[in-house]
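Enquirer: Attaching a single structure in structure tokens format; questions to follow.
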Amino acid sequence: MKKIIGIAILSTFSLSSSYAEKVDLTKKLETLNVPSDKVTPLISEDKLYAVNKRYSSLNKRHEITVSGAKNFNADSHIETENASMTYRFHWNDTWSVGYRYSEYQNNLSSAGEQLFDSEKLLPDTDYALKSTEGFVNFNTVYGKLRLTQDTIVYFDQYITLGYGNIALAAGETRLATVDLGFSFWIGKHASLRIGARNEFYEQQKLNGADDVHNVLGYFEMGYLFGEGATI
Numbered sequence: 059m060k061k062i063i064g065i066a067i068l069s070t071f072s073l074s075s076s077y078a079e080k081v082d083l084t085k086k087l088e089t090l091n092v093p094s095d096k097v098t099p100l101i102s103e104d105k106l107y108a109v110n111k112r113y114s115s116l117n118k119r120h121e122i123t124v125s126g127a128k129n130f131n132a133d134s135h136i137e138t139e140n141a142s143m144t145y146r147f148h149w150n151d152t153w154s155v156g157y158r159y160s161e162y163q164n165n166l167s168s169a170g171e172q173l174f175d176s177e178k179l180l181p182d183t184d185y186a187l188k189s190t191e192g193f194v195n196f197n198t199v200y201g202k203l204r205l206t207q208d209t210i211v212y213f214d215q216y217i218t219l220g221y222g223n224i225a226l227a228a229g230e231t232r233l234a235t236v237d238l239g240f241s242f243w244i245g246k247h248a249s250l251r252i253g254a255r256n257e258f259y260e261q262q263k264l265n266g267a268d269d270v271h272n273v274l275g276y277f278e279m280g281y282l283f284g285e286g287a288t289i
């Protein structure tokens, strides 16, 4: 009789241990069941390795953006800002092509106003009025920024090369651009960009032609259409 009781006790203990292990494993699996755009909770006693695809694919998607920019490399007598509207077609997550239309606003700086008030002279600058350009964009690095325990923002670092026309006060001329910046993807449809666009063209001054290099710091907001085609 004692032998039978002992066997029963051992069996009960074994079943209890097995059940506890199953419950523990179930809890661990449940911690992995989180939305794809959230941070996966860490399990301290295990090392987990995961390779995640882009949260929102850019493949075969269209994007419309608007932006504002300020020229930080303009003539000291003139302050220049511009507003742009841009269309992009994302061929895939890495490459995109686009078209940009920009209008420029030029005002005399404090130095320019002082020159005009004292000497009745205006700066010898062939200032920009508007421009159009086509461009190719290459996303070099894709990454994530953790803002809170449960919130992640995805981003790309990119370089863009463009070519087009710019209308100056004295007439039109060719325009080349090199653009470096970061694009941030908010959810599956919104985008934000910050960067510096370098403009290269030739202007006409009183003493002849002069090469111009403008550096425009900009902030851009946009909307992505569609959900992204499967690659």
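With the numbering used here as the guide, the letters of the sequence shown map in order to residues 59 to 289. Cβ atoms here follow ideal geometry from the backbone N, Cα and C, with glycine treated the same way.
1. Cutting at 8 Å between CB atoms, please list the residues of its own chain near F240, excluding the five before and the five after it.
2. Terminal residues of the continuous beta strand (DSSP E) containing Y185?
3. Would DSSP call Y113 helix, strand or coil?
4. Beta strand (DSSP E) containing H271: first to last residue?
5. Check for me: the beta strand (DSSP E) holding A225 runs from which residue to which?
6. Can you round the beta-carbon distance between G192 and G222 to whole angstroms, since I take them to be within the 8 Å contact cut?
7. Would DSSP call N165 helix, strand or coil?
8. Where do the ends of the beta strand (DSSP E) carrying A127 lie?
9. Using a 10 Å radius around the Cβ and a threshold of 16 neighbouring Cβ atoms, would you call E230 buried or exposed?
10. Enumerate in chain order the residues of its own chain whose CB-to-CB distance from N272 is below 6 Å, with the five nearest sequence positions on each side excluded.
11. Between the alpha carbons of I244 and K111, how many angstroms are there, rounded?
12. For S154 versus E285, is the C-beta spacing smaller than 9 Å?
Expert: Reading from the atomic positions:
1. F213, D214, Q215, Y216, R251, I252, G253
2. Where Y185 is concerned, there is no enclosing beta strand (DSSP E), given that its DSSP letter is neither H nor E.
3. coil
4. 266–283
5. 210–226
6. 6 Å
7. strand
8. 119–129
9. exposed
10. N129, N131, E257
11. 16 Å
12. no
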